[in-house]
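Notes for the one structure printed next.
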Amino acid sequence: MIHPKVLSQTTFVNEDELSYPFQERGLQFGDGIYEVIRVYQGNYYLINEHVDRLFRSAEAVKLTLPFNKERLYHLLEELLKINKVENDAKVYLQATRGSALRDHVFPIDVEANFYAYVQDLPRPMEKLTSGVAAITMPDERWQNCYIKSLNLLPNVLAKQEAKEHGAFEAILHRDGKVTECSSSNAYIVKEGKIHTHPETNNILHGCVRSRVKILAKELGIPFIEQAFKLEDLQEADEVFLSSSTAEVMPIVKIDGKNVQNGEPGPVTKKLQTAYQEDAGLTASSVPKAT
Ligand SMILES: Cc1ncc(COP(=O)(O)O)c(C=O)c1O
0 MIHPKVLSQT
10 TFVNEDELSY
20 PFQERGLQFG
30 DGIYEVIRVY
40 QGNYYLINEH
50 VDRLFRSAEA
60 VKLTLPFNKE
70 RLYHLLEELL
80 KINKVENDAK
90 VYLQATRGSA
100 LRDHVFPIDV
110 EANFYAYVQD
120 LPRPMEKLTS
130 GVAAITMPDE
140 RWQNCYIKSL
150 NLLPNVLAKQ
160 EAKEHGAFEA
170 ILHRDGKVTE
180 CSSSNAYIVK
190 EGKIHTHPET
200 NNILHGCVRS
210 RVKILAKELG
220 IPFIEQAFKL
230 EDLQEADEVF
240 LSSSTAEVMP
250 IVKIDGKNVQ
260 NGEPGPVTKK
270 LQTAYQEDAG
280 LTASSVPKAT
């Protein structure tokens, strides 16, 4: 369910009152940025990381947001309060370069368009417990994937390809090196160590990724930020992904072949438990770590 009160610019309106002009740069050029923030039991998780990344994305594309960070924090808290959100949910927010007649060059004196809404989102417990399948695909995106840009066509096509192959995610590679997935970060575990792509321009600097790094350190699990090869996936002891909506999710099958015995591995499970504790989630919803 999408909760009815939506943030439009810096005021709250009913979702059905929101009208969007067709001369809009987000629609015409994908000229905008966005965030997806997890909400657990009515509270934001990793909100600082998401707000910081939104401002970093804005700066990278020279987009002036219609608020400062402090004001945004306030508006985001109001969004949950006004909708009386107590469940697990996600907040989607996007800012575009505004409404103007179509022209590639930036419009002059046009304010950014901004909206945010909150939608209930139960945790994907079955997938977290059993793991998911993935396919591998070339990474056909641009060179600035660290920007959370609205231009998601390659990601959309990759995710659809995964779906058409009965898989949950597409693991992307550039020149045989795994970058990330279509909408999540990718990791392997080999001999007790986690390997993942470094935070370069070629991946989104995931908020959950940054937390996984901290949790791994606390658990004494080496976290190696070096790109691994496509072949390493099949040789890996464990493979998993992370994102704000998928959390820490085991990948148990890749391109139709099981990863090891096709079951979530012990390092992934330990991270899942640590994640849930970090997010203040109840023990009853924790997939068992062995
Ligand atoms: C391409 C891509 N990589 C990684 C992530 C994970 O980011 P986060 O952990 O901040 O949700 C996402 C999330 O949407 C994504 O779209």
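Going by numbering that gives the first Met the number 0, 45 is the number at position 46 of the sequence shown; the sequence numbering is gapless. For glycine and all other residues, C-beta sits at the position ideal for the given N, C-alpha and C. All values derive from a computational prediction rather than experimental measurement.
Pairwise C-alpha distance: residue j and residue i
| i | j | result |
| --- | --- | --- |
| Asp174 | Arg140 | 13 Å |
| Val266 | Arg210 | 15 Å |
| Phe54 | Leu64 | 8 Å |
| His299 | Pro106 | Residue 299 falls outside the range modelled here, since the chain spans only 0 to 289, and no answer is possible. |
| Lys162 | Ser182 | 13 Å |
| Ala169 | Lys158 | 6 Å |
| Asn260 | Thr199 | 32 Å |
| Asn86 | His2 | 11 Å |
| Pro153 | Lys216 | 33 Å |
| Lys89 | Leu45 | 12 Å |
| Asp102 | Lys256 | 48 Å |
| Glu262 | Ala166 | 15 Å |
N- and C-terminal bounds of the alpha helix (DSSP H) containing residue i
| i | result |
| --- | --- |
| Arg52 | 46–59 |
| Ala157 | 152–163 |
| Val266 | 265–277 |
Beta-ladder partner(s) of residue i, from DSSP
| i | result |
| --- | --- |
| Leu6 | Phe11, Ala115 |
| Asn86 | Note: Asn86 sits in no beta bridge, so no partner. |
| Pro137 | His172 |
DSSP-derived helix/strand/coil call for residue i
| i | result |
| --- | --- |
| Lys228 | strand |
| Arg24 | helix |
| His196 | coil |
| Lys147 | coil |
| Arg96 | coil |
| Ala166 | coil |
Segment limits, beta strand (DSSP E) that includes residue i
| i | result |
| --- | --- |
| Glu246 | 246–253 |
| Val238 | 237–242 |
| Glu34 | 31–39 |
Residue-level contact to chain D via CB, residue i, 9 Å cutoff
| i | result |
| --- | --- |
| Glu58 | Of the protein chains in this structure there is only one, and it is not chain D. |
field: Three-pair Cβ contact test at 8 Å for the region 101–117 versus the region 7–14
entry: yes
contact_flag[the region 83–97, the region 18–26] where n(CB pairs < 8 Å) is 3 or more: yes
- prompt: Three or more C-beta pairs closer than 8 Å, one from the region 202–219 and one from the region 235–245: is that the case here?
  reply: yes
query: Does the pairing of the region 183–198 with the region 217–237 give three or more beta-carbon distances under 8 Å?
result: yes
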